[in-house]
Structures are given as C-alpha cells and as structure tokens.
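> Attaching a single structure in structure tokens format; questions to follow.
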Amino acid sequence: MTDLESTKNGKHHGLVHHNNNDITESEPLTWRFWRKQRYIVVLLAFFGFFNVYSLRVNLSVAIVAMTENRTVVDGDGNVSYEQDFPWDSKQKGLILSSFFYGYILTQFLGGYIGTKIGGNIVFGTGIGSTAILTLLTPLAAKHSLEMFLAVRIIEGFFEGVTFPGIHAVWARWSPPLERSRMASIAFAGNYAGTVVAMPCSGILATRCGWESVFYVFGTIGLIWYITWLIFVRAGPELDRFCSKEECDYIQKTIGYTGNRNIKHPWKSIFTSMAFYAIMASHFSENWGFYTLLTQLPSFLKDTLNFDLGKTGLLSAVPYLAMGILLAVSGYLADWLQVKGIWTTTQVRRNFNCGAFLAQTVFMMLTAYLLDPTWSVVSLTIAVGLGAFAWSGFAVNHLDIAPQHASVLMGIGNTFATIPGIVSPLLTGYVVVEQTSDEWRIIFFISAGIYLIGCVIYWFYCSGELQEWAKTPEQKAQEAEEKAQLQLTQTGGGFVNAAAELKD
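Note that the sequence shown covers residues 2 to 504 in the working numbering.
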C-alpha cells in the first residue's frame, strides 16, 4: 500500500484526521482495561467523583430527617411535635447553598496548582479533606448553626479543587481520541455517587439516625483517598505501573513536552469566544443540576407527598439514568470522531445543544404536570439527557487548549458555581408554602437558562486547538508541514523555468 493510500484509509487502521488536519493515532479498544494504567486512573477517578457527590448530596436527604416534625406522646397522652433542628425554609436554603461559598473560592486555585504539583495530588487531597470534615459534620450541627455552616463552607473549599484537578490529570493521561470516553466514564461517578447516596441516606437516616449518613460516607471517602495515593501519579512517565509502551503512546498523541513551566496567555484566554461558550454552557447545566440536586428531595416529599424512604430512592432515579447515559455518550462521541462522521466541533455542538433543548422541553413539562408519576418521568429524562452535554462542554477545554485545560476548568467552574449559591437561596425565597405555582416558577427559570446556554454554545463553540494555545513545538511542526505542502504543490520543489518564461 502506498503512503497516499495508507493516509486515505487511515481511519480504518488506527489513524484518523483530527484537529488542524494532523493525523492522530487511535489505539484499539480492549476489554482487559486493567492492562492499561490510564484506564485504572479512569476507574479510580470514577470512584473519586463517586465520593465527591456522595459527600455533597447526602445533606440534601439528611436535612429532611434533621428538620422532620416527629409526633411525641407524653405520659398523659398529650400529643406534640418536635424537630432536631427547627430551621425554616430560608435557613435550609442557606445551609444547602453554604457549601458553594467555599467551593467557588478554590476553582482557579485548583487549576493553577494542578499544573504545578500534579492534578493527582490536588484531586485526591480535595476529596480526602472533605471526607474528614464530613465525619465532623454531626458534631458541628449539634454545636450551632454557625459551626455547621462553617464546616460546610470549608468542605466546599476543599472540593472546589477537584474538577480543575482532574483536568490536569487528563491533560497528561488522555490521548485526544479517548478524551470523551475517559472523562465521561470518570464524570459518571458523580451520578453513581448521587444514585447510591440519596437512597442510602434515606435508609440510614430512617434506621440509624441522620448522623450515620455522614459517618458512613465520610469513612468511604477516606478509604478511597488512601487507594488513590497509592496507585495514581501526575503523569504516565512518573507511574511505576505504566508500561513504557503505554507511556510512549500517550505522550506521542498528546504532544507531551516535559515538565516545562507553562505560561498561560491570560489576554487570549479572556478574549476567546470558544472559552466563553464553554462557560455559558457550564453555568446553564449547573443551574438546572444544582436546583434538582439540592431541592428534589424536598420537592418530592413536601409537594408530591412521598415518604422519606421513597424520596431518597426516587431522587436517585434521574442520576442513575444520567450515569448510564454518560458512558454511552462518551463512547459515541469518540466513535463519531474516529469514524470521521463528525468533526470534534460538530460532536461538541450537537451533543451539547441537543441535550440542552431536550432539558428545556422536559423542565417545562415538569412545571405543567406536577404529577407524582409524570414529574418523576420528566425529571428523569431531563437529567438523563444532560449526559450528552457533559460530552460536549465538559471536555471541550481539552480540545481548545489542552496545556491550559485545568486553568480553564478552574475559571469556568468558578462562574458555574454561582448557580449552586443562588439557586437554593432563590428556591428558599420563592417556595415558601410548597405550592405547585411556586415550584412552576423554579422549573421555568431552569428551562429558560438551558435555552440561553444552548444558543450561545451553538454559535461560538469550537473543537479546534486554538492558535493561542499552541506550543512552540506545535507551531514549528505546522510551519514545517506547510512548507512541505508548498513544495509538493510546486512539483517537489523544482520550478519549471520554461513554463515561467512562457507565462
């Protein structure tokens, strides 16, 4: 086979045309994932995100038990009601949003430190510290509301570094044509954690008391932290479990340039419309996501009248759908690129905007229906289809600027954390009597924000490596390829002088 024929048929032999017309190698998939250290990293990252969200959402269910009115009958037969914590709706909104006060402060810091000391350290330490604080939560809550809020804010401070930290890991571990599936599988841990934490929190709170919710998930988080420290390093070249062949393959495909001090082009970053498109989408997705994450148990119990056990179980169903579809969407996104059916830009745009449109529709349906069965169905579809958005904007940083991806995620997630603060507070002020009309306002707001994010991303997104993000080596290689192309177009570099004279 000639070189030209090999190039034409590249996508069938492990080679595909990728960004900027260069050819990127694609390693064949294997079901024996444990033979590749990068897949072990993905697996442990999955369980890391499992802990990130189980440590975050357990309060959404526990707070229902902590503030539940219990019937008490004294010795004389008198009936009264009591609560462990007599917090009103505004105080509960403050408690549920307090985590994000700390979370918003460390997004950029996590991305910046991740490029300096390694994303593995940042990601692991963020989760391990949150696990320790979770174990202290019951003590803090019993001490005072102020102490409880302080612990939640500090938890958010440590968890804030996790998403930027994992992007620093992907920047050194994920080949371009595996980014979608590696990141999507890891991010699926968010929803697996939610799926497990919500029903288990309901069961634990009912049978063992609300304190057990924090003790169980805090302990699980500490066990994961120790495992992560043992098995994961910042890059393949530092990992004793990674073979030389795998290390060479990863570094070749990502264009690894060693431990060079990376300088971030701040002006170019903050004037990049492709980056602003990612930020807008991240904000939109988080608004709907955090609204449901913090308020769905209360909505199901207080408005649709489910008991606490069913509330925890049903709250988990939408995230089960999302966790499953995340793995599907990641593989599908990579497959469409490997086969040359869609470009990276088309994959990101179509997946992201398609998901946002569907979420807009089903959020509005939920607002109109407010029926116990159909509300759960609509919310499950809305949350589940959000998986395709995560194969759009959530890995887009690695497309446009892989060397700066953790910093971009840190900046973007700072902006995208605002919904985590504002949404629970807004819900606390709007939903006072738990009426259907009050909840309709909340769902309509979420639907409108999804639609705005869809429009912005459609017009401004890109899956191409941005000019400002190219390394000197990449620019030199492009210049060399351009020069070779010009030589080829002029007949191999030999100019026909007679033809020129004739002209």
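For each residue, glycine too, the CB sits at the ideal point set by N, CA and C.
(1) Between Asn-353 and Ser-282, is the Cβ-Cβ spacing less than 9 Å?
(2) Looking at C-alpha atoms only, which residue of Leu-136, Val-384, Gly-464 is the closest neighbour of Leu-294?
(3) Have a look at Val-456 and Ile-412 and give me their C-alpha separation to the nearest angstrom.
(4) Let's see if you can read the secondary structure: which residues bound the alpha helix (DSSP H) around Phe-460?
(5) When the distance is taken between beta carbons, is Pro-177 closer than 9 Å to Gly-112?
(6) Which residue's Cα is closest to the Cα of Thr-220: Asn-52, Ser-437, Arg-36, Met-364?
(7) DSSP on Gln-360, reduced to helix/strand/coil?
(8) What residue from Pro-319, Leu-326, Trp-88 has the CA that sits closest to Ala-189's CA?
(9) Using the Cα positions of Pro-420 and Arg-57, report the straight-line distance between them to the nearest angstrom.
(10) Do Ser-202 and Gly-313 come within 9 Å of each other at the CB atom, strictly closer than that value?
(11) In whole angstroms, what is the alpha-carbon distance linking Asn-70 and Asp-303?
(12) Ignoring anything shorter than 4 residues, give me the alpha helix (DSSP H) runs that lie fully in the region 291 to 348, in order along the chain.
(13) Could you tell me the distance, in whole angstroms, from the CA atom of Met-323 to the CA atom of Tyr-451?
(14) Which residues in the same chain have their Cβ closer than 6 Å to the Cβ of Gly-429, if we skip the five residues on either side of it in sequence?
(15) Could you pull out every residue in the same chain whose Cβ sits closer than 6 Å to the Cβ of Ser-98, ignoring the five residues on either side in sequence?
(16) What is the rounded straight-line gap between the Cα of Leu-321 and the Cα of Ala-275?
(17) Report yes if the C-beta distance between Arg-173 and Gly-120 is below 9 Å; otherwise report no.
(18) Determine, using beta carbons only, whether Leu-386 and Ala-184 come nearer to each other than 9 Å.
(19) For the region 204 to 263, which segments carrying the alpha helix (DSSP H) assignment without a break, of at least 4 residues, lie completely within its bounds, in sequence order?
(20) Quick one: is Ile-224 buried, meaning 16 or more other Cβ sit within 10 Å of its Cβ, or exposed?
The structure says:
(1) yes
(2) Val-384
(3) 21 Å
(4) 437 to 461
(5) no
(6) Asn-52
(7) In this structure, DSSP gives Gln-360 a helical state, which the three-state scheme calls helix.
(8) For the residues Pro-319, Leu-326, Trp-88, the minimum Cα distance to Ala-189 belongs to Leu-326.
(9) 15 Å
(10) yes
(11) 12 Å
(12) 309 to 339
(13) 17 Å
(14) Ser-90, Lys-91, Gly-94
(15) Ile-422, Pro-425, Leu-426
(16) 31 Å
(17) yes
(18) no
(19) 212 to 232, 245 to 255
(20) exposed
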